[in-house]
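With this note's numbering, the residue at position 48 of the sequence shown is 59, and numbering never jumps. In this text, a Cβ means the ideal position worked out from N, Cα and C, and glycines have one as well. Please read these numbers as outputs of a predicted model, since none were measured by experiment. What follows is a set of notes on a single structure, which appears directly below.
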Amino acid sequence: MEMQEPGKTRAIVAHLTLIGWIIALVQNGSDKNEDASFYIRQMLGLFILGIGIQIVSMIFAFVPFLGILIYFIAMFAMLGVVGLWVYSLVSAINGKKEPTPFIGGHFQKWFSGM
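So this is what it looks like as structure tokens:
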């Protein structure tokens with residue numbers, strides 16, 4: 012099922028930095044569009060995931076050996092988050108509501124109030 016134009020535009024804007032996400036959220040607040048809401052929830056989850064990975068990395072940054080190991084693991088995890096972001100952006104551009112692999116369904120449940 013193809014997304015309608017206002018929802019598709021908001022979905023794409025939601026992928027463009029935190030400011031774009033806020034703009035999409037505010038625009039979607041006045042007249043709810045389920046397609047836009049879907050991608051707003053996806054991006055909120057990816058933002059939180061990315062920030063969480065960075066926080067864990069920073070907490071262990073000064074621990075000898077373990078800090079370096081966690082740093083490299085976090086780097087690969089962030090590459091994964093970027094890959095999920097690209098997947099989500101391409102889905103939004105193509106007008107398809109596809110949750111990000113592995114965790115997208117959880118984001119939809121956790122942030123269902125949006």
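Return the residue from the list V24, G91, E16, F87 that minimises the CA-CA distance to Y50.
V24
If you reduce the DSSP assignment to three classes, tell me which class L55 lands in.
helix
With 16 as the cutoff for other CB atoms within 10 Å, does N105 come out buried or exposed?
exposed
Spatial neighbours of Q119 in its chain, beta-carbon cut-off 8 Å, leaving aside the 5 residues before and after
F49, R52, Q53, P110
Any idea if I64 is buried or exposed, counting beta-carbon neighbours within 10 angstroms, 16 or more meaning buried?
buried
With C-beta atoms as the reference, is G61 less than 8 Å away from M86?
no
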